[in-house]
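Peer 1:
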Ligand code: ADP
Ligand code: MG
Ligand code: MG
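Residue numbers (the numbering used here): 414 to 664.
(1) In angstroms with no decimal places, state the Cα-to-Cα distance between residue 644 and residue 438.
(2) Is it buried or exposed for residue 568, if we count other Cβ within 10 angstroms and need 16 for buried?
(3) As a quick exercise: from 614, 624 and 456, pick the residue whose alpha carbon is nearest that of residue 601.
(4) Going by the C-beta, is residue 567 closer than 7 Å to any heavy atom of ligand 3?
(5) Can you check whether the CB of residue 615 is closer than 8 Å to the CB of residue 584?
(6) With distances taken between CB atoms, is the gap from residue 476 to residue 416 smaller than 8 Å?
(7) Nearer than 7 Å: is that true of the beta carbon of residue 477 relative to any heavy atom of ligand 1?
(8) Please say whether residue 634 and residue 455 have beta carbons closer to each other than 8 Å?
(9) Check residue 535 in the structure and name its three-state DSSP category.
(10) Should residue 690 be counted as a contact of ligand 3 given a C-beta to heavy atom distance under 7 Å?
(11) For residue 355 and residue 549, what's the separation of their Cα atoms in angstroms?
(12) Do the CB positions of residue 522 and residue 529 come within less than 8 Å of each other?
(13) Who pairs with residue 440 in a beta bridge, going by DSSP?
(14) Let's test the definition: count the other Cβ atoms within 10 Å of the Cβ of residue 506 and tell me whether it reaches 16, buried, or not, exposed.
(15) For residue 460, I'd like the list of residues in its chain whose CB is within less than 7 Å of its CB, leaving aside the five on either flank, ordered along the chain.
(16) So is residue 533 buried or exposed if we call it buried at 16+ other beta carbons inside 10 Å?
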């Protein structure tokens, strides 16, 4: 589903290398988690995959379903099935949440040569998905993320994901700022989308999210590289001992 090879990324604005040779293969149907200390490049990886400005790929490749995505525009990557739930969801004043989602859903359908979803079908679908995530009707009418609490913003990211039904879902610290109940809602939302044709890359600091969203593979990222990969037990080890033991062992 996702194949990243030897990915090197610099900042465009200043001379700084952030990713220093990331290798990662995520198969369809699987859930991979990425953990790692602050500043190790986890968000940068998610930004570069989704096509955010400001980064320069100096070496390596990234393919979605065998297709090189690094040359695509962000919206082309989205239409190809890539989705990123932001660590810091963006507020969009003046754009209603529902309007935003309807536009996004229909843009993707159009890009795939499918018909627009009717207003009635869309409304039915979004109401059902919002209900699952305990997002009330009022939040659907308000401008995207404006005045939402931290937890509401994160749940709204999952609502977007549920509506767009992407193939490759990247969640960047979606659990941070969530209380236990919200974490359960978000995890249930993710688990409901687990499917043989879909894959997840879950970036998180905490084992507790991975209690709910059981990963197949856990990777540790440090200083712009994936330095260790293993099963769920790796997340337990991090939770118990922190990163320093593990990183000095790798070094
Ligand atoms: P993580 O998500 O693992 O905490 P990030 O990808 O956010 O790490 O950041 C990796 C490193 O790159 C950090 O040292 C961060 O300060 C730096 N960095 C990322 N983007 C920028 C930017 N636009 N300008 C300056 N430094 C940046
Ligand atoms: Mg961070
Ligand atoms: Mg980050």
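Idealized CB from N, CA, C, for every residue including glycine.
Peer 2: In this structure, then:
(1) Here residue 644 refers to the residue found at position 231 when the chain shown is read from its first residue. Here residue 438 refers to the residue found at position 25 when the chain shown is read from its first residue. C-alpha of residue 644 to C-alpha of residue 438: approximately 15 Å in a straight line.
(2) Taking the chain shown and counting its residues from 1, one reaches residue 568 at position 155. With 16 or more other Cβ atoms within 10 Å, it is buried.
(3) Taking the first residue of the chain shown as 1, we reach residue 601 at position 188. Minimum Cα distance to residue 601 is reached at 624.
(4) Translated into the one-based positions of the chain shown, residue 567 becomes position 154. No, the Cβ of residue 567 stays beyond 7 Å of every heavy atom of ligand 3.
(5) Within the chain shown, numbered from 1, the residue matching residue 584 stands at position 171. Within the chain shown, numbered from 1, the residue matching residue 615 stands at position 202. Contact flag set, yes.
(6) The sequence position of residue 476 within the chain shown is 63, counting from 1. The sequence position of residue 416 within the chain shown is 3, counting from 1. Yes, the pair counts as a contact, with Cβ atoms nearer than the cut-off.
(7) Counting from one through the chain shown, the residue named residue 477 turns up at place 64. No, the beta carbon of residue 477 sits no closer than 7 Å to any heavy atom of ligand 1.
(8) Indexing the chain shown from 1 puts residue 455 at position 42. Indexing the chain shown from 1 puts residue 634 at position 221. Yes, the pair counts as a contact, with Cβ atoms nearer than the cut-off.
(9) Here the question's residue 535 lines up with position 122 in the chain shown. Three-state DSSP puts residue 535 in a helix.
(10) Residue 690 falls outside the range modelled here, since the chain spans only 414 to 664, and no answer is possible.
(11) Lying outside 414 to 664, the shown extent of the chain, residue 355 is not represented and no answer is given.
(12) The sequence position of residue 522 within the chain shown is 109, counting from 1. The sequence position of residue 529 within the chain shown is 116, counting from 1. Yes, they are a contact pair.
(13) As a working mapping, residue 440 is identified with position 27 in the chain shown. None; residue 440 has no bridge partner.
(14) Taking the chain shown and counting its residues from 1, one reaches residue 506 at position 93. Per the 10 Å Cβ criterion, exposed.
(15) One-based indexing of the chain shown puts residue 460 at position 47. So the qualifying residues of the chain are 468.
(16) Within the chain shown, the letter at position 120 stands for residue 533. Residue 533 should be labelled exposed.
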